[in-house]
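Asker: Residue numbering for the sequence shown follows our numbering, beginning at 1046 and increasing consecutively. The C-beta atom is built at its ideal place from N, Cα and C for all residues, glycine as well.
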Amino acid sequence: MSVRQAIRLTTLATIVSFVLSFISVIVVSRLLSPEEIGIFSVAVSVIAYTHILREFGVGQYFVQLKELSREHLRTGFTVMLMISWSIALGLFTLRTPLAEFYRHDGLASVFAALTVNFIILPFGSPILSMLKREMRFDRLAIVGIASSVVQVSVTIGTAMAGESYMSMAWGSIAGNITNVILLSAMRPDIALLMPTRKGLVKVLSFGSKSSAGALVGELGTSGPDLILGKTLGFAAVATYSRAASLNNMLLGKVNEIVRHVFLPAFAQGIRDGQSPANMYYDSMRLITGITVPLLSALAVLANPMILFFFGPQWKEAGALALFLCLYQVFRAPTEFAANALVAAGHAGTVLRCEAISQGAVLGILLLSIWLDLDTVVYLLPIASCIHFVTFGYALQGHYGLTHKKLLSSVLPSYKLIPGTIMGSVALEAIIRTGAWQPSPLVHLAVSSTLAAGGYVVTLRLSGHPVREELIRLVPPLAKVLGHFQGSTR
């Protein structure tokens, strides 16, 4: 399967899952209180680290191998089974102390329920990795959509039934059960693998570095929930979570689409003898052509989006969302650096880079001991600059990539920002003068239309290469973005 076909299918699956997830967030936000949502957010943040240990980098190990045999699959399954079941036992045992640490008994119930995921997921993981390596994104799309439908349905249904924060736990379990059943049906030949000790040393060596790097990287993602939940309380966690949800549900989905395809495609390119530096330059030139303008638009649209989708009780999250968008804008050029390095087996380098960049994130978050939530969020863009420099030097060391050439390759994407947001910024200025006071729906609709129109016009005038790539991916877009000479296959 070609990269473009893989992106099309992954995009379809991600859009469907996103819409379902977004509906779930909106409904649950209106059914549950900020504190109830904050309880589950803290539980998920704790478990996020254990999920990284469960995977232990085995999926990445499979993808970067030059050849993958059944023995490799058995070894990887053995590692994941041992670690995952050990985590399930440990999490169940520690559920009460963890709940006491955050001073809420309800967390113990959430932890107990979510241990089920660790028991069942190892049986689908080898199949998932095999499908990714084979670029079978058609099957992955089916699995992703089906599990999302089940998860959202169960979450909303149980929330309406009065299950409070436990509704999201039940939805998670139902979605993962669906995932394992479908994967096993697609590849029954490797659904039940016999554990083996052969090759454990190699898997454990790679996996320890990969998992450590992923664990440190996860600190930047779930660190806010863990730290802010202790220093500022569950309400602050919920406010931050809703502010971050715009990035997670929109930009996060774009990155998710690319990330699913990027690692196996980049690894395949390295195996085929292509230049890693040139592949990264070309990839980021196209990716940032979408993500950077999207982030700039989200920064302007943050307040009307939060008011419309989540309600006036979340108004405080609007200002925070703007700065979280800036945080992502600065780190956009190296967003996929870790994936590019892992594709060639440089898991140790990723670990060192994540330790530096995420250490900066944690240092800023710990300032919440003395500072309020707004001030802490305003300081986060500093950490993204450190991320860019750190990973840039790593790419230079392994692939010969330079900061100057990387910046040169993504600069055209940053030039799209003014044209994209010009109309929306003008609208915000008019509204702030009091000359026009539209409803949240009208405000969002008009501002979004102006941003989308600004992006299209700027894209056509700038000659950015992402225009041609978008038309190749979705040929009907030629009517909007303009025609060019080239194949759309």
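Please report the straight-line C-alpha distance between R1534 and V1194, rounded to a whole angstrom.
Answerer: Residue placement at R1534 cannot be trusted, given a pLDDT of 39 that sits under 50; the coordinates are not used to answer.
Asker: For W1481, does the count of other Cβ atoms within 10 angstroms reach 16, so buried, or fall short, so exposed?
Answerer: exposed
Asker: Using the three-state DSSP reduction, which class does T1055 fall into: helix, strand or coil?
Answerer: helix
Asker: Got a sec? Which residues, its chain only, sit under 7 Å from E1179 by beta carbon, not counting five neighbours each side?
Answerer: none
Asker: Hey, I1172 and L1228 are a contact pair by Cβ (cut 8 Å); roughly how many whole angstroms apart?
Answerer: 4 Å
Asker: Taking three-plus beta-carbon pairs below 8 Å as touching, is the region 1273-1286 in contact with the region 1344-1358?
Answerer: no
Asker: Specify whether the region 1135-1151 and the region 1180-1189 touch according to this definition: at least 3 beta carbon pairs, one from each stretch, less than 8 Å apart.
Answerer: no
Asker: For K1177, count the other beta carbons within 10 Å of its own beta carbon; 16 or more makes it buried, fewer makes it exposed. Which is it?
Answerer: buried
Asker: Using a Cβ-Cβ cut-off of 7 Å (strictly less than) and excluding sequence neighbours within five positions of G1445, which residues of its own chain qualify?
Answerer: A1322
Asker: Suppose contacts are defined by Cβ-Cβ distances below 8 Å. Is F1515 in contact with V1491 by that definition?
Answerer: The residue asked about is misnamed: residue 1515 is Leu in this sequence, not Phe. No.
Asker: Report buried or exposed for P1269, applying the criterion of at least 16 other Cβ atoms within 10 angstroms of its Cβ.
Answerer: buried
Asker: Can you list, in chain order, the residues of its chain with a C-beta nearer than 7 Å to that of S1154? Leave out the 5 residues immediately preceding and following it.
Answerer: Take S1154, set aside five residues on each side of it, and the residues of its chain with a beta-carbon closer than 7 Å to its own are M1211, in chain order.
Asker: Any idea what DSSP makes of R1148, helix, strand or coil?
Answerer: coil
Asker: What residue from I1164, L1425, L1237 has the CA that sits closest to Y1285's CA?
Answerer: L1425
Asker: Compare the C-alpha of I1128 against each of V1406, A1088, G1252 and name the closest.
Answerer: G1252
Asker: Do you know how far the Cα of I1082 is from the Cα of L1076?
Answerer: 10 Å
Asker: Below 8 Å, how does it come out for the region 1461-1470 and the region 1402-1410: are there three or more Cβ pairs, yes or no?
Answerer: The region 1461-1470 vs the region 1402-1410: no contact.
Asker: In the region 1280-1352, which residue ranges form an unbroken beta strand (DSSP E) of at least 3 residues, counting only runs that do not cross its ends?
Answerer: none
Asker: Going by the C-beta, is A1388 closer than 7 Å to any heavy atom of the ligand ATP?
Answerer: Absence of the ligand ATP is noted for the structure shown, with no ligands found whatsoever.
Asker: With distances taken between CB atoms, is the gap from L1152 to L1143 smaller than 8 Å?
Answerer: yes
Asker: Is it buried or exposed, M1239, if we count other Cβ atoms within 10 angstroms and call 16 or more buried?
Answerer: exposed
Asker: Check whether the region 1433-1452 and the region 1376-1385 touch, using three or more Cβ-Cβ pairs below 8 Å as the test.
Answerer: yes
Asker: Would P1079 pass as a contact of R1330 if the rule is Cβ separation under 8 Å?
Answerer: The Cβ-Cβ distance between P1079 and R1330 does not fall below 8 Å.
Asker: Are the Cβ atoms of Y1372 and L1451 separated by less than 8 Å?
Answerer: no
Asker: Would you check if the region 1218-1232 and the region 1085-1101 touch, i.e. whether three or more CB-CB distances between them fall below 8 Å?
Answerer: As far as the Cβ criterion goes, the region 1085-1101 does not touch the region 1218-1232, which means the pair count is below three.
Asker: Measuring CB to CB, does L1308 end up less than 8 Å from V1248?
Answerer: Taking the C-beta atoms as reference points, V1248 is found no nearer than 8 Å to L1308.
Asker: Give me the Cα-Cα distance between Q1319 and V1073, rounded to the nearest whole angstrom.
Answerer: Near 47 Å, if we compare the C-alpha coordinates of V1073 and Q1319.
Asker: Is A1439 helix, strand or coil when you go by DSSP?
Answerer: helix
Asker: Considering only the alpha carbon of each residue, which of V1261, A1385, T1200, N1293 lies closest to I1315?
Answerer: For the residues V1261, A1385, T1200, N1293, the minimum Cα distance to I1315 belongs to A1385.
Asker: Grouping DSSP H, G and I as helix and E and B as strand, with all else coil, what is P1457?
Answerer: helix
Asker: Between which residues of its own chain and L1054 is the CB-CB distance below 7 Å, once the five residues before and five after are set aside?
Answerer: F1182, D1183, A1186
Asker: Quick one: what does DSSP say G1531 is sitting in, helix, strand or coil?
Answerer: With a pLDDT of only 46 at G1531, under 50, the local geometry of the prediction cannot be trusted, and the value read off the model is given with reservation. Here G1531 sits in coil by DSSP.
Asker: For S1174, which residues in the same chain have their Cβ closer than 6 Å to its Cβ, ignoring the five residues on either side in sequence?
Answerer: G1104, F1107
Asker: Can you list, in chain order, the residues of its chain whose CB lies under 6 Å from that of W1215, leaving out five sequence neighbours each side?
Answerer: V1199, T1203
Asker: Could you check where the alpha helix (DSSP H) with M1231 kicks off and where it finishes?
Answerer: From DSSP, the alpha helix (DSSP H) with M1231 extends over 1211-1231.
Asker: Can you tell me the Cα-Cα spacing of Q1109 and H1391, whole angstroms?
Answerer: Per the coordinates, the alpha-carbon of Q1109 lies some 10 Å from the alpha-carbon of H1391.
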